[in-house]
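Residue numbers (the UniProt record's numbering), protein chains in the order written: chain A, 1 to 301; chain B, 1 to 622.
Data block below; observations after.
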């Protein structure tokens with residue numbers, strides 16, 4: 001691979017992620033509208049929202065860590081997206097692996113936590129305390145899923161994982177070869193997105209007790225952009241691990257949308273768990289299913 | 001005279017000069033210079049050995065036909081390097097303004113120098129007797145360092161002493177058992193005799209060694225002494241102890257157990273009665289539990305120093321976990337973690353000391369918002385916690401990655417999960433640390449605080465820079481690790497500047513760091529250049545549900561930071577181990593009182609008479 005292509009990928013990959021992310025946000029809102037029998041927002045509504053937030057007159061900062069945090073949380077997701085191979089673009093995917101990606105995905109969370117801490121609002125800190133608790137809750141089953149998948153494929157290299165799954169079509173997909181891990185993975189990915197019933201820390205209905213309490217204007221806008229990246233990253237990661245990636249964008253994108261669609265459909269019919277209930281639930285069901293899946297994988301090794 | 005002799009001489013004269021002139025105002029800077037010279041000497045030794053070859057010391061003597069001799073191989077050199085750099089930077093920290101405020105700086109200088117000397121002796125021991133001498137010296141030197149402050153510190157040091165004594169007794173028993181069997185104190189003789197040793201004896205010796213050295217490492221279930229003992233030590237000394245002292249146990253374990261016995265033997269060494277558990281699994285799970293349990297104890301602490309020392313214990317478990325996997329990658333990961341951990345843990349402890357120096361407390365419930373007053377200390381603490389948590393791009397991630405990867409390659413997914421649980425707990429805990437000290441609202445009492453002086457900031461910054469550079473370019477550190485790994489007799493892990501290329505998934509930290517900063521750069525462009533201009537407000541200009549905030553309103557969230565989590569796992573923190581330990585301590589205290597009473601001078605003549613009578617009786621009977 002020559003330098004020109006590499007540079008092109010470095011620019012294109014975050015851009016694609018952003019555009020697909022916008023579409024995913026739009027889909028999320030449309031689905032919710034359909035369930036609630038509303039018309040839903042117009043096609044460009046996510047873009048309007050970002051422009052509106054960035055163009056607001058009042059942009060309140062609480063200090064430099066507040067600003068740096070915004071860059072950290074975008075940076076963490078952008079880096080993850082560049083290391084995630086997508087059809088036609090896996091230039092640097094060989095330089096890092098699944099384990100790196102797992103910990104790289106915690107950087108945005110830490111960035112968010114740092115920024116909210118600097119805003120000096122206890123309501124924000126309470127939100128972060130809940131967010132980190134739920135991170136501990138969903139990452140334990142997630143680690144089991146990742147470990148099981150890595151043992152199954154015999155590698156943590158993402159391009160190799162995709163290659164293995166594409167050898168025999170549907171038969172070699174992670175979904176068919178290790179259904180239990182795929183199921184547990186879907187549950188944890190859902191919690192990772194922070195949607196109902198695991199949205200206690202965002203708590204959009206009562207903004208006073210969430211991390212967003214002091215986020216105004218473009219800070220909120222940046223969080224919006226982050227949400228686009230987050231939906232895309234989680235969808236692509238799941239597709240890579242269990243749905244065989246994609247040979248081209250036409251087969252790849254529908255899978256990503258399908259993964260996110262499952263999550264957003266479930267979301268809309270649930271209420272909200274309290275922190276300890278969410279932790280209990282995540283440490284009970286996904287962990288049990290993932291452990292069973294891991295045992296199956298280990299017995300086949 | 002060999003280079004190692006020069007190093008010993010330098011180290012010993014540092015002790016003596018500090019003992020004589022340690023009260024002089026420039027004594028601190030002298031100590032820094034002395035450690036720098038020792039470092040240069042140590043680097044000169046680097047040229048002297050390769051692989052299993054060691055640089056001998058010409059100093060040796062015989063006791064009752066047993067030779068005691070010293071020499072440094074790659075493994076000892078690796079630990080010595082960390083020791084001396086840690087001593088140099090922590091001394092630099094205390095040489096300036098911080099040291100002038102200390103009442104007993106003289107003693108602190110001497111204690112540090114004695115510690116370094118004792119560790120160098122231990123790290124160069126070549127037989128069981130010199131190992132025992134070095135071991136005892138290190139224990140007493142650490143006691144000297146801990147006990148300085150008196151009060152709570154002395155209590156903690158006494159507790160440490162009890163543990164250290166127990167460890168020494170176990171070590172002595174093991175050495176005697178070996179001598180009875182093979183009639184020699186030489187390592188080589190022990191290694192040669194190993195294949196023919198019966199399993200029962202090998203189990204006994206191994207358990208005694210693991211017990212003796214595990215106490216120093218605070219391996220479960222001997223983990224109770226370390227946190228209080230280390231955190232009560234005065235600032236710079238505590239940073240030094242935390243960075244390296246407990247690793248001496250790991251060194252000794254490697255040299256007497258892991259190197260000669262080898263993983264293959266441990267794998268087939270089935271446990272008596274429980275044949276399905278082999279010695280390696282036992283060690284691995286002990287290490288994994290040591291990585292998890294202290295981490296979650298750290299999560300509950302409200303004192304920054306205690307929080308950090310509990311994490312130190314947990315990270316020790318991580319190192320042993322890597323080493324016990326026994327593959328080249330696991331060994332490299334474990335050794336690399338020792339080096340990486342020393343860099344950021346020393347920085348973290350110095351940063352907390354700087355906070356104590358300015359704000360007067362390390363109580364996490366009484367601080368907050370210091371980021372605006374102590375920005376440099378904040379940056380050090382931030383980089384340090386990213387390292388401790390093991391997230392990219394700091395060096396802590398690289399060594400942990402190697403450990404995860406080796407567990408994965410060895411088909412041990414449950415241990416990988418255990419290691420990750422420890423990492424996740426660490427993230428929660430270190431966020432609490434930085435949030436409660438530096439984020440949130442600044443207290444009115446701290447409005448006038450100043451940044452720590454340059455003499456304190458500079459060593460901390462150097463330490464985190466080491467942590468960052470060896471994170472982005474782990475090849476640098478892995479080259480040093482090679483020396484230790486070769487001395488242990490394991491294959492080397494092939495590496496390049498950015499990390500390793502491995503068939504089942506590679507890591508190139510140059511790319512990871514580069515891409516991460518590229519992403520942050522894009523984030524900066526989006527955030528800074530788009531949208532309207534931001535303006536900074538006062539911390540009281542905050543949403544408070546309709547109230548007006550002022551200095552009178554306590555508006556900080558720090559106590560019991562994770563209530564949701566604690567409602568679930570809070571009940572799991574059993575006190576059983578603590579109760580057993582308390583019983584043992586009472587017993588030891590009782591014994592010591594009994595002995596104290598019976599040794600009183602008034603009884604001396606009585607003892608003499610009694611001894612005389614017994615002797616006479618024996619003679620008459622004989």
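Glycine residues also receive a C-beta, built at the ideal position from the N, C-alpha and C atoms.
#1: Tell me the residue span of the alpha helix (DSSP H) that contains residue 183 of chain B.
#2: In chain order, which alpha helix (DSSP H) runs of at least 4 residues are fully inside the segment 105–143 of chain B?
#3: Buried or exposed for residue 79 of chain A, please, with buried defined as at least 16 other CB atoms from any protein chain shown within 10 angstroms of its CB.
#4: Would you call residue 58 of chain B buried or exposed, if buried means 16 or more other Cβ atoms sit within 10 Å of its Cβ?
#5: Can you name the start and end residues of the beta strand (DSSP E) that residue 63 of chain B belongs to?
#6: So is residue 448 of chain B buried or exposed if we call it buried at 16+ other beta carbons inside 10 Å?
#7: State yes or no: is the beta carbon of residue 17 of chain A nearer than 8 angstroms to at least one beta carbon in chain B?
#8: Under 8 angstroms, Cβ to Cβ, is there at least one residue of chain A near residue 552 of chain B?
#9: With DSSP collapsed to three states, give me the class of residue 191 of chain B.
#10: Using only the alpha-carbon positions, how far apart do residue 540 of chain B and residue 548 of chain B sit?
#11: Can you say whether residue 108 of chain A is buried or exposed, counting buried as having 16 or more other CB atoms within 10 angstroms of its CB?
#12: Along chain B, in chain order, which residues have C-beta atoms closer than 9 angstroms to that of residue 83 of chain A?
#13: Does any C-beta atom of chain B lie closer than 8 angstroms to the C-beta of residue 122 of chain A?
#14: Mind checking if residue 364 of chain B is an interface residue toward chain A, Cβ cutoff 8 angstroms exclusive?
#15: Can you list, in chain order, the residues of its chain whose CB lies under 8 angstroms from that of residue 33 of chain A, leaving out five sequence neighbours each side?
#16: So, for residue 53 of chain B: in the same chain, excluding its five sequence neighbours on each side, which residues have a beta-carbon less than 8 angstroms away from its beta-carbon?
#17: Mapping the DSSP letters down to three states, classify residue 511 of chain B as helix, strand or coil.
#18: Please report whether the beta-carbon of residue 559 of chain B lies at a distance below 8 angstroms from any beta-carbon of chain A.
#19: So if DSSP puts residue 45 of chain A in a beta bridge, which residue, or which two residues, is it bridged to?
#20: Rounding to the nearest angstrom, what Cα-Cα distance links residue 601 of chain B and residue 140 of chain B in this structure?
#21: Check whether the Cβ of residue 313 of chain B lies closer than 7 angstroms to any heavy atom of the ligand GTP, and answer yes or no.
#22: Can you name the residues of chain B whose CB is closer than 8 angstroms to the CB of residue 113 of chain A?
#23: DSSP on residue 200 of chain A, reduced to helix/strand/coil?
#24: Is the beta carbon of residue 318 of chain B sitting closer than 8 angstroms to the one on residue 418 of chain B?
#25: Contact criterion: CB-CB distance below 8 angstroms. Does residue 369 of chain B meet it with respect to chain A?
#26: Please compile the residues from chain A whose C-beta is within a distance smaller than 7 angstroms of the C-beta of residue 216 of chain B.
#27: At least one CB of chain B closer than 8 angstroms to the CB of residue 166 of chain A: is that the case?
#28: Beta carbons nearer than 8 angstroms to chain B: which residues of the segment 190–221 of chain A have them?
#29: Helix, strand or coil, according to DSSP, for residue 283 of chain A in the structure here?
#30: Of the residues B/486, B/16, B/422 and B/313, which one's Cα is nearest the Cα of residue 250 of chain B?
#31: Which stretch, first to last residue, makes up the beta strand (DSSP E) that contains residue 71 of chain B?
#32: At a CB-CB cut-off below 8 angstroms, which residues of chain B make contact with residue 107 of chain A?
#33: Taking C-beta pairs closer than 8 angstroms, name the residues in chain A that residue 408 of chain B reaches, listed in chain order.
#34: Considering Cα atoms alone, identify which of B/308, B/253, B/219 and B/349 is closest to residue 289 of chain B.
#35: Kindly indicate the opening and closing residues of the alpha helix (DSSP H) around residue 238 of chain A.
#36: Taking a Cβ distance cut-off of 7 angstroms, strictly less, list which residues of the segment 529–545 of chain B are near chain A, in chain order.
Reading from the atomic positions:
#1: Careful: residue 183 of chain B lies outside any alpha helix (DSSP H) and carries neither H nor E.
#2: Complete alpha helix (DSSP H) runs here, min 4: 105–123.
#3: buried
#4: exposed
#5: 55–63
#6: Answer is exposed; the Cβ neighbour count stays below 16.
#7: no
#8: no
#9: In this structure, residue 191 of chain B counts as helix in the three-state DSSP scheme.
#10: 8 angstroms
#11: buried
#12: 511, 512 and 515
#13: yes
#14: So no, residue 364 of chain B is outside the interface.
#15: Around residue 33 of chain A: 39, 40 and 41.
#16: 73
#17: helix
#18: no
#19: For residue 45 of chain A, which the question treats as bridged, DSSP gives no partner whatsoever.
#20: Caution applies to residue 601 of chain B, whose pLDDT of 47 falls short of 50 and renders its modelled position unreliable; the value that the coordinates give is listed next. Roughly 26 angstroms between the two C-alpha positions.
#21: No copy of the ligand GTP appears in this structure; indeed no ligand is present at all.
#22: Residues of chain B passing the Cβ test: 431 and 435.
#23: coil
#24: no
#25: Closer than 8 angstroms: yes.
#26: Result: empty, since nearest Cβ-Cβ is about 30 angstroms, beyond 7 angstroms.
#27: no
#28: In summary, the residues of the segment 190–221 of chain A whose CB is separated from some CB of chain B by less than 8 angstroms are 208, 213, 214, 217, 218 and 221, in the order they occur in the chain.
#29: Correct three-state label for residue 283 of chain A: helix.
#30: The shortest CA-to-CA distance from residue 250 of chain B to any of B/486, B/16, B/422 and B/313 is the one to B/313.
#31: 66–72
#32: Within 8 angstroms Cβ-Cβ: 391, 392 and 516.
#33: 99, 147, 150, 151 and 156
#34: B/219
#35: 217–242
#36: 530, 531, 532, 533, 534, 535, 536, 537, 539, 542, 543 and 545
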